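Using the working numbering, the letters of the sequence shown correspond one by one to residues 236 to 393.
Below is one structure, written out as structure tokens; comments come after it.
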Amino acid sequence: WEISQNEVIKSYSLDDINAHIIYSFPESIFYWVKSRFFDASILNASALFIQKALQHDRKDGFYVRNGKSFIQIVVKDNNKLVYNNCFKINNKEELLYFIASISKQHGRSQNESSIDLAAFSFEEYQFLKSYFAFVYFIETPDIENLEQEQAQSEFLIL
Numbered sequence: 236w237e238i239s240q241n242e243v244i245k246s247y248s249l250d251d252i253n254a255h256i257i258y259s260f261p262e263s264i265f266y267w268v269k270s271r272f273f274d275a276s277i278l279n280a281s282a283l284f285i286q287k288a289l290q291h292d293r294k295d296g297f298y299v300r301n302g303k304s305f306i307q308i309v310v311k312d313n314n315k316l317v318y319n320n321c322f323k324i325n326n327k328e329e330l331l332y333f334i335a336s337i338s339k340q341h342g343r344s345q346n347e348s349s350i351d352l353a354a355f356s357f358e359e360y361q362f363l364k365s366y367f368a369f370v371y372f373i374e375t376p377d378i379e380n381l382e383q384e385q386a387q388s389e390f391l392i393l
């Protein structure tokens, strides 16, 4: 990951798992936003998805966000973040592999645990539904709409 001099580096703390999400974006965007929206926060889409997962009504959850060429998996246990990571994927078999592997690592049964999906197609949903008993779409309209409009961006302006 190479950073140019014209980029701003930010971080988002994941206190529950003692980690940070580090991200960068063009300096021009940062100053444009701050000059027009003084109280605006610029937040990475991964950080926003973690917030949405932690606010979701299930106290134990397994959440997967589709970022087109990668997936983000978030696991919470007793309303605490216990896992977050992103994986580059090339096909639906790799999608299944990462979801099944992380699910197994966290002691979740394919026949008993639920998986909540964000920004997945109905075809991908059907594919996962054939392997996992409980697959749902989580409501994340702010992430999905922004990703459709700005497919190349990986940050959100709030």
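Beta carbons: idealized from backbone N, C-alpha and C, even for Gly.
Fair warning: this is a prediction, and the values are worked out from it, not measured in the lab.
Query raised in the report: Would the beta-carbon of I256 fall within 8 Å of that of V268?
Result: Start at 1 with the first residue of the sequence shown, and residue 256 comes out as number 21. Start at 1 with the first residue of the sequence shown, and residue 268 comes out as number 33. In this structure, I256 keeps its C-beta atom at 8 Å or more from the C-beta atom of V268.
Requested in this report: Go to R300, then tell me how far its beta strand (DSSP E) extends in each direction, as first and last residue.
Outcome: Locating residue 300 in the sequence shown gives position 65, counting from the first residue. Run containing R300: 296-301, per the beta strand (DSSP E) assignment.
Query - Bridge partners - L249, DSSP secondary structure assignment - result: Within the sequence shown, numbered from 1, the residue matching residue 249 stands at position 14. Beta-bridge annotation (DSSP): L249 is paired with A254.
Query raised in the report: In three-state DSSP terms, what is A354?
Result: For the purposes of this step, residue 354 is taken as the residue at position 119 of the sequence shown. Of the three classes helix, strand and coil, the one that applies to A354 here is coil, per DSSP.
Report task. Go to Y366, then tell me how far its beta strand (DSSP E) extends in each direction, as first and last residue. Result -> Residue mapping note: residue 366 aligns to position 131 of the sequence shown, counting from 1. Element bounds for Y366: n/a, residue is neither H nor E.
Requested in this report: Give a yes or no on contact between the stretch 313-327 and the stretch 287-303, applying the rule of three or more CB pairs nearer than 8 Å.
Outcome: Touching, per the Cβ criterion.
**Report entry** Stretch pair the stretch 329-340 + the stretch 355-368: three plus CB contacts closer than 8 Å
**Finding:** Contact between the stretch 329-340 and the stretch 355-368 is present, because at least three Cβ pairs lie under 8 Å.
Query raised in the report: With 16 as the cutoff for other CB atoms within 10 Å, does D292 come out buried or exposed?
Result: As a first step, residue 292 is located in the sequence shown; it is residue number 57 there, counting from the start. D292 counts as exposed, since fewer than 16 other beta carbons sit within 10 angstroms of its beta carbon.
Requested in this report: Please name the residue, chosen from F297, I306, I334, S336, that lies closest to V317 on a Cα-to-Cα basis.
Outcome: Translated into positions along the sequence shown, residue 317 becomes position 82. Closest by C-alpha distance to V317, out of F297, I306, I334, S336, is F297.
Query raised in the report: In or out: D274 buried (at least 16 other Cβ within 10 Å) or exposed?
Result: Residue mapping note: residue 274 aligns to position 39 of the sequence shown, counting from 1. Result: exposed.
Query - Beta-carbon proximity list for V370, same chain, < 7 Å, skipping 5 on both sides - result: The residue you call residue 370 lines up with position 135 of the sequence shown. The residues are I350, L352, Y360, L363, K364.
Query raised in the report: For S336, is the classification buried or exposed, using 16 other Cβ atoms within 10 angstroms of its Cβ as the cut-off for buried?
Result: As a first step, residue 336 must be located in the sequence shown, where it is residue number 101. So S336 counts as exposed.
Query raised in the report: On the premise that E242 lies in contact with S259, defined as a C-beta separation below 8 Å, what is that separation, rounded to the nearest angstrom?
Result: What you label residue 259 is simply residue 24 of the sequence shown in a count that begins at 1. What you label residue 242 is simply residue 7 of the sequence shown in a count that begins at 1. Correct: roughly 4 Å between the Cβ atoms.
**Report entry** Cut-off 6 Å between Cβ atoms - residues of its own chain near E389, not counting five sequence neighbours on either side
**Finding:** Locating residue 389 in the sequence shown gives position 154, where the first residue counts as 1. Confidence at E389 is low in this model, with a pLDDT of 49, below 50, so its placement is unreliable and the value that follows should be read with caution. A280, listed in sequence order.
Report task. Decide if I244 is buried, meaning its Cβ has at least 16 other Cβ atoms within 10 Å, or exposed. Result -> Here the question's residue 244 lines up with position 9 in the sequence shown. Exposed, because fewer than 16 other Cβ atoms sit within 10 Å of the Cβ of I244.
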